[in-house]
Amino acid sequence: MLKKRIIFTLLYDQGTFVLSRNFDLQKVGNLSWLKENYDFSRVAFSIDELIILDVSRGDRDEEKFLKHVSSLSEECFIPVAAGGGIRNIEQARQLLYSGADKIVVNSLLSNDEDVIQEIAFEFGWQCLVFSVDVKRTKDGLRCFIENGTIMLKTSLPEYLKKIQLLPIGELYLNSIDRDGTGQGYDYDLLDALPNPTHNPVIIAGGAGKDAHLIEGLNDDRVDAVATAHLFNFVGDGLINARNTLYKTGMNLAKWDIQTSMNLKNCLEGIGDNKTIEKII
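Residue 3 is where the sequence shown starts when you use the working numbering, and the numbers rise one by one after that.
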């Protein structure tokens, strides 16, 4: 049985990390601010995966984003997925060369499905995460692309069926309506999934406290929960949330945070041989 996962999503906008509420962005701080104020390397040991998304509303500076991905991937010993505005295989290749383990795509099914096939062929389908942004409309749940600015005509169930035919590793289901509200996940999105669903499902949008993570992971259709709420979960928030989930008997990977940090320090040359021997 696959272990459940906690994922933190960092939203990046032209050199700054941001909070999002219903896809409206609020600037929080740059990379130095993130590391100084939130002890990010420590927080990284309380999650199973990090997702970094370039949600820039203006022109994207791809080189700067790649540098941020590289810097963050060096901070943590967990899988890192990155994406945002990917239009071709070269952009995906550069993200992987910069330290990302997975590529997140969103608009390619509508804009250029062949690129998905190319990425899967060169790097393997398991490295692809397909992100679906969903919003309630008068016609029901609809999918949106291009940072939530374009609504697709296809219904959510039909769109998810199309995605399931693609060579992807995971599905990231994100509620625009719940995004940044802290009101909990929208489980109606899961009701639209094909039965059976062949890909692991990550649910996102709405987590504001430990109980939301627990509720999400207790749903049999959910393989991982994601949160992008910096103020609610960074600091001790994610560490405390993981400890709470351990106490419920949740099937999460287990490790000692302090031991992991000591090992990281030793590998970086900060510790000494005696510390390494003690850890091993």
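Backbone N, C-alpha and C fix where the C-beta goes; we use that ideal spot for every residue, glycine too. What you are looking at is a predicted structure, and each value in this text was computed from that prediction instead of being measured.
> Hey, quick one: how far does the alpha helix (DSSP H) through Q166 stretch, first residue to last?
Replying inline: By one-based count along the sequence shown, residue 166 stands at place 164. Where Q166 is concerned, the enclosing alpha helix (DSSP H) stretches over 158-166.
> Taking contact to mean at least 3 C-beta pairs separated by less than 8 Å, is the stretch 109-125 in contact with the stretch 72-92?
Replying inline: yes
>> Can you tell me whether S100 is helix, strand or coil according to DSSP?
In response: Working through the sequence shown from its first residue, we reach residue 100 at position 98. Looking at S100 - three-state DSSP - the assignment turns out to be coil, as it is neither helix nor strand.
> Would you call G126 buried or exposed, if buried means 16 or more other Cβ atoms sit within 10 Å of its Cβ?
Replying inline: In the sequence shown, the residue the question calls residue 126 occupies position 124. G126 comes out exposed.
>> Considering only the alpha carbon of each residue, which of R23, A243, S34 lies closest to E77?
In response: Within the sequence shown, residue 77 is the residue found at index 75, counting from 1. Minimum Cα distance to E77 is reached at S34.
> Are C129 and G171 close, meaning C-beta to C-beta below 8 Å?
Replying inline: Position 127 of the sequence shown, counted from the first residue, corresponds to residue 129. Position 169 of the sequence shown, counted from the first residue, corresponds to residue 171. Against a cut-off of 8 Å, the Cβ pair of G171 and C129 comes out as a contact.
>> Does the stretch 211-225 come into contact with the stretch 20-27, if we say contact requires no fewer than three beta-carbon pairs (one atom in each stretch) closer than 8 Å?
In response: no
> What is the DSSP secondary structure of C145, reduced to helix, strand or coil?
Replying inline: Mapped onto the sequence shown, residue 145 falls at position 143. C145: strand per DSSP, three-state reduction.
>> Please state whether the Cβ-Cβ distance between N220 and K5 is less than 8 Å.
In response: Here the question's residue 220 lines up with position 218 in the sequence shown. Here the question's residue 5 lines up with position 3 in the sequence shown. In this structure, K5 does not lie closer than 8 Å to N220 by Cβ.
> Going by alpha carbons, who is nearest to S133 out of E120, I121, L175, T139?
Replying inline: Your numbering for residue 133 matches position 131 in the sequence shown. Among E120, I121, L175, T139, the Cα nearest to that of S133 is on L175.
> Are the beta-carbon atoms belonging to D15 and R59 less than 8 Å from one another?
Replying inline: Along the sequence shown, read from residue 1 onward, the residue named residue 15 stands at position 13. Along the sequence shown, read from residue 1 onward, the residue named residue 59 stands at position 57. Cβ atoms of D15 and R59: closer than 8 Å.
> DSSP three-state call for T277: helix, strand or coil?
Replying inline: Within the sequence shown, numbered from 1, the residue matching residue 277 stands at position 275. Legend: pLDDT at T277 = 41, less than 50; position of this residue unreliable, value from coordinates given subsequently. Of the three classes helix, strand and coil, the one that applies to T277 here is helix, per DSSP.
>> For E17 and D179, what's the separation of their Cα atoms in angstroms?
In response: Along the sequence shown, one-based indexing puts residue 17 at 15. Along the sequence shown, one-based indexing puts residue 179 at 177. The question names Glu, but residue 17 in the sequence shown is Gly. When rounded, the distance between both Cα atoms is 26 Å.
> Roughly how many angstroms lie between the CA atoms of I9 and P81, to the nearest whole one?
Replying inline: Translated into positions along the sequence shown, residue 9 becomes position 7. Translated into positions along the sequence shown, residue 81 becomes position 79. Cα-Cα distance, rounded: 10 Å.
>> In the DSSP output, what is Q28 paired with across the bridge?
In response: For the purposes of this step, residue 28 is taken as the residue at position 26 of the sequence shown. The partner list for Q28 (beta bridge, DSSP) reads L21.
>> Out of E92, Q93, L97, E115, which one is the CA nearest neighbour of A83?
In response: Position 81 of the sequence shown, counting from 1, holds the residue named residue 83. Here the closest residue by C-alpha is L97.
> Would DSSP call V131 helix, strand or coil?
Replying inline: Locating residue 131 in the sequence shown gives position 129, where the first residue counts as 1. V131: strand per DSSP, three-state reduction.
> Is A209 closer than 8 Å to P159 when the C-beta atoms are compared?
Replying inline: For the purposes of this step, residue 159 is taken as residue 157 along the sequence shown, with counting starting at 1. For the purposes of this step, residue 209 is taken as residue 207 along the sequence shown, with counting starting at 1. Contact flag unset, no.
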